[in-house]
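Right, one structure below, let's go through it.
2 protein chains.
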Amino acid sequence: MNKLYGTLNELLVKLFNDILRIEEQSLKDDEFSNLSITEIHVIEAIGQTQERNMSSVARDLDITIGTLTIAINNLLRKGYVNRTRSNEDRRIVLISLTEKGEAAYKHHSQFHNEMIKTTISKLSDEEMKVLISALENINTYFKEKYNLKRKYK
Amino acid sequence: MNKLYGTLNELLVKLFNDILRIEEQSLKDDEFSNLSITEIHVIEAIGQTQERNMSSVARDLDITIGTLTIAINNLLRKGYVNRTRSNEDRRIVLISLTEKGEAAYKHHSQFHNEMIKTTISKLSDEEMKVLISALENINTYFKEKYNLKRKYK
DNA sequence: GATTAATACTTTGATCTTCAAACCATTCTT
DNA sequence: AAGAATGGTTTGAAGATCAAAGTATTAATC
Chain F
8 MNKLYGTLNE LLVKLFNDIL RIEEQSLKDD EFSNLSITEI HVIEAIGQTQ ERNMSSVARD
68 LDITIGTLTI AINNLLRKGY VNRTRSNEDR RIVLISLTEK GEAAYKHHSQ FHNEMIKTTI
128 SKLSDEEMKV LISALENINT YFKEKYNLKR KYK
Chain B
8 MNKLYGTLNE LLVKLFNDIL RIEEQSLKDD EFSNLSITEI HVIEAIGQTQ ERNMSSVARD
68 LDITIGTLTI AINNLLRKGY VNRTRSNEDR RIVLISLTEK GEAAYKHHSQ FHNEMIKTTI
128 SKLSDEEMKV LISALENINT YFKEKYNLKR KYK
């Protein structure tokens, strides 16, 4: 039990410390090398579905609207997003992904998918349930302890 | 299987996106509120054991020595680290934690420990082994795919 | 032993991300 | 119609980071 405990701690620490760096590196390889990890997260938050306004995306990312404005300025310049004003309410700014933006979105999903596939490829259904429940425990713990605003809807 | 797959993906994404923010928040509560998450990681990398030189710490953190110099300047000013030159080789700069630095180190470990404890409190030994093996899969995947320099010795 | 090369850091100048606060435009309230 | 509220943008400042230039010390070479 004690041994397992230490192993688990070490694994999680490694994972947490590597993940951002890895995500970034996974972008650098190819045609999206001009995207920072921040920008990819903005693209991820905008999502593929429909136009979204600045406030809701900023809330999801847990950044201020001002910060998002700057990020969107850059993504616009690089051709990854569209920005228009709503006709119903001229105050509202609507943003959405261009084709290029969607391609980047898909590329990033691919990264996640491969990671998951690797993780679970050797697990039985039963084992997967264990894994899920353990991860749910962590998430619940965080949520309760730090009262996090949840991202991803 | 497909359902589980999606759940797992979502859990991991949540986790990865929250963890840094949470670590930071866990510092803000108390006497270490003047430490940024970056600075805590530097403290973590220096470690409790013995004096370390700049290069090795920078390598562990995967940042340049120049960046580390700046971080150490600040930590010095705030009283968390000591900095001296080696007597054997005057080029080498040795850094170590002050008492205050050690206290911060311990506080951060505490955060990790609580997290782990929560995660595994409801798991049997058998289930823990599943969790560990799944996490090892992810780590191995990263290591192979992105050829990561490993931190934490 | 003097010169050159290598090593270990620090400094500098630039870029990126972020925030808070001030600002602008539009819509809502009264 | 005036004032308040809402949704964004801009501005100024701070922190993290890097690459490249600079400094000091040690090692290698001639």
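Chains as they are written, first to last, in this note's numbering: chain F, 8 to 160; chain B, 8 to 160.
Where a beta carbon is used, it is the ideal one built from N, C-alpha and C, also for glycine.
Nearest to residue 110 (chain B) by CA position, among B:86, B:128 and B:91, is which residue? Checking every option, the nearest Cα to that of residue 110 (chain B) belongs to B:86.
Please report the distance separating the alpha-carbon of residue 64 (chain B) from that of residue 108 (chain B). Using only the alpha carbons, I get a separation of about 15 Å.
From this set, B:60, B:42, B:128 and B:112, which residue's C-alpha is nearest residue 96 (chain B)'s C-alpha? It is B:60.
Using only alpha-carbon positions, find the residue among B:30, B:51 and B:21 that is nearest to residue 112 (chain B). Per the C-alpha coordinates, the member of B:30, B:51 and B:21 positioned closest to residue 112 (chain B) is B:51.
Reference residue 14 (chain B); option with closest CA among F:129, F:143 and F:13: Per the Cα distances, F:143.
Taking the alpha-carbon positions, what's the residue 90 (chain F) to residue 104 (chain F) distance? One C-alpha to the other measures close to 9 Å.
Between the region 113 to 121 of chain F and the region 72 to 82 of chain F, do three or more beta carbon pairs fall short of 8 Å? Counting Cβ pairs under 8 Å, fewer than three are found: no touch.
In whole angstroms, what separates the C-alpha of residue 136 (chain B) from that of residue 11 (chain F)? Their Cα atoms are separated by approximately 8 Å.
Kindly list the residues whose CB is nearer than 7 Å to the CB of residue 53 (chain B), restricted to its own chain and excluding five residues on each side of it in sequence; keep chain order. If we look at residue 53 (chain B) and ignore the five residues flanking it on each side, its Cβ neighbours are 59, 64, 88, 102, 103 and 104.
Given a threshold of 16 other Cβ atoms within 10 Å of its Cβ, counted over all protein chains shown, does residue 46 (chain F) qualify as buried or as exposed? Label assigned to residue 46 (chain F): buried.
So that I know if they touch, is there some Cβ in chain F lying closer than 8 Å to that of residue 134 (chain B)? Closer than 8 Å to some Cβ of chain F, the Cβ of residue 134 (chain B) qualifies, so yes.
Nearest candidate by alpha-carbon position, reference residue 106 (chain B), set B:56, B:93 and B:149: Answer by Cα proximity: B:56.
In chain order, what residues of the same chain have a beta carbon less than 7 Å from the beta carbon of residue 160 (chain B), not counting five sequence neighbours either side? Legend: pLDDT at residue 160 (chain B) = 24, less than 50; position of this residue unreliable, value from coordinates given subsequently. Within its own chain, no residue has a Cβ closer than 7 Å to the Cβ of residue 160 (chain B) once the five positions on either side in sequence are excluded.
State the Cα-Cα distance for the pair residue 138 (chain F) and residue 67 (chain F), rounded to the nearest angstrom. Answer to the nearest angstrom: the Cα atoms are 26 Å apart.
Go ahead and pull the three-state DSSP assignment for residue 131 (chain B). Reduced to three states, the DSSP call for residue 131 (chain B) is coil.
When DSSP labels each residue in this structure, what does residue 120 (chain F) get in the three-state scheme? In the three-state reduction of the DSSP assignment, residue 120 (chain F) falls in the helix class, which pools H, G and I.
On the criterion of 16 or more Cβ atoms from any shown chain inside 10 Å, does residue 33 (chain B) qualify as buried, or is it exposed? Here residue 33 (chain B) is buried, its C-beta having at least 16 other C-beta atoms within 10 Å.
Whole angstroms are fine: how far does the CA of residue 149 (chain B) sit from the CA of residue 29 (chain F)? Each residue's alpha carbon lies about 7 Å from the other.
CA-to-CA distance, residue 146 (chain B) to residue 124 (chain B), given in whole angstroms: In this model, residue 124 (chain B) and residue 146 (chain B) are separated by some 21 Å (Cα to Cα).
Taking the alpha carbon of residue 141 (chain F) as the point to measure from, which residue in B:22, B:43, B:131 and B:127 has its own alpha carbon closest? The shortest Cα separation from residue 141 (chain F) among B:22, B:43, B:131 and B:127 belongs to B:127.
Candidates F:72, F:98 and F:82: closest to residue 39 (chain F) by CA position: With distances taken between Cα atoms, residue 39 (chain F) lies closest to F:82.
Under a Cβ-count criterion, where at least 16 other Cβ atoms within 10 Å of its own Cβ denotes burial, should residue 132 (chain B) be classed as buried or exposed? Counting the other CB atoms within 10 Å of its CB gives residue 132 (chain B) a total below 16, which places it among the exposed residues.
List the residues of chain B that residue 78 (chain F) touches, going by C-beta distances under 9 Å, in chain order. Identification of chain B residues near residue 78 (chain F) by a Cβ-Cβ cut-off of 9 Å yields none; the smallest Cβ-Cβ distance measures about 16 Å.
Using 10 angstroms around the beta-carbon of residue 129 (chain F), count the other beta-carbons present and answer buried if the total reaches 16, otherwise exposed. Answer is exposed; the Cβ neighbour count stays below 16.
Residues in its own chain within less than 7 Å of residue 62 (chain B) by CB, not counting five upstream and five downstream? Close CB contacts of residue 62 (chain B) within its chain, under the 7 Å cut and outside five residues either way in sequence, are with 72 (chain order).
Spatial neighbours of residue 93 (chain F) within its chain, please: CB distance less than 6 Å, with the 5 preceding and 5 following residues excluded, ordered by chain position. Only 99 and 101 meet the Cβ criterion.
Below 6 Å CB to CB, which residues in the same chain sit around residue 49 (chain B) once its five sequence neighbours on both sides are set aside? The residues are 78.
On the three-state DSSP scale, how would you describe residue 158 (chain F)? Low confidence applies to residue 158 (chain F): its pLDDT is 31, below 50, so where it sits in the model is not reliable, and the reading given next is rough at best. Residue state, collapsed to three classes: coil.
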